[in-house]
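Step one of this worksheet: look at the structure below.
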DNA sequence: CGCCGCTTTGAGTCCATTCAATTCCGGTGG
DNA sequence: CCACCGGAATTGAATGGACTCAAAGCGGCG
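Protein chains in written order, with the UniProt record's numbering: chain A, 1 to 254; chain B, 1 to 254.
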């Protein structure tokens, strides 16, 4: 049984290899990875060890990089493209987050040598740097300068998930949407502009609702100065959006 | 303004002091804290430094130990009693978790020198060891043996919250309840027995539903062999419970 | 025994989802 | 350049699950 699972893993790995394209690390890429807070402090030699063991691959869109439940064998770094973290249970799928360059993901599973709790797939053609988990753990054990950044990374991720859990439990879908638009939008004068860089269905899943509900939520936001033009959202009353995001239950306007 | 806030903090602290009772550390307590995975590996001298800066307090039930939004000044260790982690937003409150001896809480906020994202209160009379955040950070910086356990603790907490988020987004209240009963129950022969060590309303809030819904969920679980007797829950078909917990959507029985 | 707080039950309402149909949009090929 | 196609997004109607409000049990403790 174990043997079969192992064989299956190998097959999967080879198939992925075939679908992907292994690239040599370019100096420029190494530099961007090196500049990540996670790696900024470690010694040159340890960083060299990590990069020596790592490899960079190019994946097409919609490639599943990580399968929830697998042993965490690599720390992934997204160098270019876009990655979705998600989870599947009894056929249902929910989006847990999105990753843009340059960031690492699933550090927790790698460090504690456990299985992944989430899956990951590319949403665009992407370049991913894969560092063997063992190399990460080795450097962690050897280089004390690595501990600080690792802890900061973990702690920040933890706090992010706590925020997500809170908003999931205490806010309505409309409020989560407002908060998302506000947090991620860019101010242009007195309007705020937010671009959704993926399908709206993904955003809906991330916010914990259906596409239809998201669509209706956008419609409701018209009362708050929001205009939707495809994947670009404008709001000419950012304060109204912020107020809603902070979950204003007192105001029952209509 | 700042001065007033500071004054307020001091008042709060003093009031807490008055409500609480400062205790001297007993050798026995020190030993239990020392045996925590988080502290097991650090050097004797560093541990001594931590304990020297720390103090143990006894709090009555329903005492708020941590106010969400405050700067994280202490790492708390629950030595005896029961603590609830919760969060408040626009008047609504949600329970995020429960802590029993012996465990630490809010390590993440302490390490990154940020504000607490959650509040904490005692649910029973409790003894809490409070270690100044700065002492924790100092030891972390000085003793490399501390890094591993810290990372393991953080990583596990992170994974726990991810699990909570997933179950919140993908499972029904009924399924979450089944999962909770199953995970926390004790096998006695072919029945499983679970004791709820706090108000059912707290459990409802933790599971993300109202008391009424929780009550109705218990009623529905009767079909799965569940009997409720006050705060003690029995199930004579643990497999049915487990199946439901794994979120069996396919089976539409009746 | 009687009070008080927690829990349960009931009834009605509301909001999100589901299912279904239509519109919108980008890309392709004639 | 335009017609067409398919996937995505929106809209509508109906369902259902969870919540709110209200009232009635239950249980522990003085």
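Using N, Cα and C, we set each Cβ at its ideal position, and we do this for glycine too. What you are looking at is a predicted structure, and each value in this text was computed from that prediction instead of being measured.
Might you give, ordered along the chain, the residues of its own chain that have their beta carbon closer than 6 Å to the beta carbon of residue 198 of chain A, omitting 5 neighbours on each side?
-> In the first chain, residue 198 of chain A corresponds to position 198, counting from 1. These residues qualify, in order along the chain: 123.
Taking the beta strand (DSSP E) that residue 97 of chain A falls in, what are its first and last residues?
-> Taking the first chain and counting its residues from 1, the one referred to as residue 97 of chain A is at position 97. Looking at the DSSP string, the run of the beta strand (DSSP E) that includes residue 97 of chain A is 92 to 99.
Put residue 125 of chain B into one of helix, strand or coil per three-state DSSP.
-> For this step, residue 125 of chain B is matched to residue 125 along the second chain. The answer is coil: DSSP assigns residue 125 of chain B none of H, G, I, E or B.
Inside the UniProt domain "Cyclic nucleotide-binding" (38 to 157) of chain A only - alpha helix (DSSP H) runs reaching at least 4 residues | 44 to 53, 107 to 111, 133 to 142
Grab the span of the beta strand (DSSP E) containing residue 195 of chain A for me, first residue to last.
-> What you label residue 195 of chain A is simply residue 195 of the first chain in a count that begins at 1. 191 to 195 is the span of the beta strand (DSSP E), which, as asked, contains residue 195 of chain A.
Using a C-beta cutoff of 9 Å, does residue 200 of chain A count as contacting chain B?
-> Residue mapping note: residue 200 of chain A aligns to position 200 of the first chain, counting from 1. No, residue 200 of chain A does not count as interfacial toward chain B.
If you draw a straight line from the alpha carbon of residue 236 of chain B to that of residue 226 of chain B, how long is it in whole angstroms?
-> The sequence position of residue 236 of chain B within the second chain is 236, counting from 1. The sequence position of residue 226 of chain B within the second chain is 226, counting from 1. Taking the straight line from one Cα to the other gives about 7 Å.
Report buried or exposed for residue 91 of chain B, applying the criterion of at least 16 other Cβ atoms within 10 angstroms of its Cβ.
-> Residue 91 of chain B sits at position 91 when you count from the first residue of the second chain. Exposed: under 16 other Cβ atoms inside 10 Å.
When you check each C-beta in the region 131 to 152 of chain A against every C-beta of chain B, which residues fall closer than 9 Å?
-> The region 131 to 152 of chain A vs chain B, Cβ under 9 Å: 140, 141, 144, 146, 147, 148, 150, 151, 152.
Can you tell me which of the three DSSP states residue 188 of chain A falls into?
-> Reading the first chain from its first residue, position 188 is the one you call residue 188 of chain A. If DSSP states are grouped into helix, strand and coil, residue 188 of chain A belongs with the strands.
Just how far apart, CA to CA, sit residue 207 of chain B and residue 224 of chain A?
-> Walking along the second chain from the start, residue 207 of chain B turns up at place 207. Walking along the first chain from the start, residue 224 of chain A turns up at place 224. Going from the Cα of residue 207 of chain B to the Cα of residue 224 of chain A covers about 32 Å.
Quick one: does residue 26 of chain A have its CB under 9 Å from some CB of chain B?
-> The sequence position of residue 26 of chain A within the first chain is 26, counting from 1. No, its Cβ sits nowhere closer than 9 Å to a Cβ of chain B.
Can a CB atom of chain A be found closer than 9 Å to the CB of residue 94 of chain B?
-> Locating residue 94 of chain B in the second chain gives position 94, where the first residue counts as 1. At least one CB of chain A lies nearer than 9 Å to the CB of residue 94 of chain B.
Bridge partners of residue 233 of chain A, per DSSP?
-> One-based indexing of the first chain puts residue 233 of chain A at position 233. Answer by DSSP bridge pairing, in chain order: A:194, A:228.
Using a Cβ cut-off of 9 Å, which residues of the region 151 to 167 of chain A contact any Cβ in chain B, in chain order?
-> 151, 152, 154, 155, 156, 157, 158, 159, 161, 162, 163, 164, 165, 166, 167
Indicate whether the contact test is met: 3 or more Cβ pairs, each with one atom in the region 65 to 83 of chain B and one in the region 106 to 118 of chain B, closer than 8 Å.
-> yes
Proximal residues, the UniProt domain "HTH crp-type" (171 to 239) of chain A versus chain B, C-beta separation under 8 Å = 171, 208
Determine, using beta carbons only, whether residue 242 of chain B comes closer than 9 Å to chain A.
-> Walking along the second chain from the start, residue 242 of chain B turns up at place 242. Closer than 9 Å: no.
Between which two residues does the alpha helix (DSSP H) harbouring residue 29 of chain B extend?
-> As a position in the second chain, residue 29 of chain B is number 29, starting the count at 1. From DSSP, the alpha helix (DSSP H) with residue 29 of chain B extends over 27 to 34.
Count the other C-beta atoms from every protein chain shown that fall within 10 angstroms of the C-beta of residue 76 of chain A, then say buried if there are 16 or more, exposed otherwise.
-> Looking up residue 76 of chain A in the first chain gives position 76. It is buried - the Cβ of residue 76 of chain A has at least 16 other Cβ atoms within 10 Å.
Which of the three DSSP states, helix, strand or coil, is assigned to residue 172 of chain A?
-> Start at 1 with the first residue of the first chain, and residue 172 of chain A comes out as number 172. The three-state secondary structure of residue 172 of chain A, taken from DSSP, is coil.
Buried/exposed call for residue 145 of chain B, threshold 16 Cβ in 10 Å | Within the second chain, numbered from 1, the residue matching residue 145 of chain B stands at position 145. Residue 145 of chain B is exposed by the Cβ-count criterion.
Cα-Cα separation, residue 201 of chain A to residue 172 of chain A | The sequence position of residue 201 of chain A within the first chain is 201, counting from 1. The sequence position of residue 172 of chain A within the first chain is 172, counting from 1. Each residue's Cα considered, the two are about 17 Å apart.
Based on Cα-Cα distance, which residue from A:186, A:37, A:135 lies nearest to residue 50 of chain A?
-> Along the first chain, read from residue 1 onward, the residue named residue 50 of chain A stands at position 50. Checked all of A:186, A:37, A:135; the closest Cα to residue 50 of chain A is A:135.
Where residue 246 of chain A falls: helix, strand or coil (DSSP) = Within the first chain, numbered from 1, the residue matching residue 246 of chain A stands at position 246. Here residue 246 of chain A sits in coil by DSSP.
Could you check where the alpha helix (DSSP H) with residue 222 of chain B kicks off and where it finishes?
-> Counted from its first residue, the second chain places residue 222 of chain B at position 222. Neither: residue 222 of chain B is in no alpha helix (DSSP H) and is coded neither H nor E.
Confirm, please, whether the CB-CB distance from residue 36 of chain A to residue 126 of chain A is below 9 Å.
-> Locating residue 126 of chain A in the first chain gives position 126, where the first residue counts as 1. Locating residue 36 of chain A in the first chain gives position 36, where the first residue counts as 1. Between residue 126 of chain A and residue 36 of chain A, the gap from beta carbon to beta carbon reaches 9 Å or more.
Can you tell me whether residue 81 of chain B is buried or exposed, with buried defined as 16 or more other CB within 10 angstroms of its CB?
-> On the second chain, residue 81 of chain B is found 81 positions in, with the first residue counted as 1. With 16 or more other Cβ atoms within 10 Å, it is buried.
Backbone secondary structure at residue 160 of chain A - three-state DSSP = For the purposes of this step, residue 160 of chain A is taken as residue 160 along the first chain, with counting starting at 1. Three-state result, residue 160 of chain A: helix.
Alpha-carbon spacing of residue 326 of chain A relative to residue 84 of chain A, whole angstroms | Absent from the structure is residue 326 of chain A, since the part of chain A shown begins at 1 and ends at 254.
Which class does residue 212 of chain B belong to by DSSP, given the choice of helix, strand or coil?
-> Along the second chain, one-based indexing puts residue 212 of chain B at 212. Helix, per DSSP.
From this set, A:233, A:111, A:39, A:61, which residue's C-alpha is nearest residue 159 of chain B's C-alpha?
-> In the second chain, residue 159 of chain B corresponds to position 159, counting from 1. That would be A:111, whose Cα lies nearest to the Cα of residue 159 of chain B.
Can you give me the Cβ contacts of residue 238 of chain A inside the same chain, cut-off strictly under 6 Å, excluding the 5 residues immediately before and after it?
-> As a first step, residue 238 of chain A is located in the first chain; it is residue number 238 there, counting from the start. Within the same chain, and ignoring the five residues on either side of residue 238 of chain A in sequence, the residues whose Cβ sits closer than 6 Å to its Cβ are 192.
Shorter than 9 Å from the beta carbon of residue 103 of chain B to some beta carbon of chain A?
-> Start at 1 with the first residue of the second chain, and residue 103 of chain B comes out as number 103. Not closer than 9 Å to any Cβ of chain A, the Cβ of residue 103 of chain B fails to qualify, so no.
Sub-9 Å separation of residue 56 of chain B and residue 154 of chain B beta-carbons = Position 56 of the second chain holds residue 56 of chain B. Position 154 of the second chain holds residue 154 of chain B. No.
Establish whether the CB of residue 99 of chain A and some CB of chain B are separated by less than 9 Å.
-> The residue given as residue 99 of chain A occupies position 99 in the first chain. Taking 9 Å as the CB threshold, residue 99 of chain A stays off the interface with chain B.
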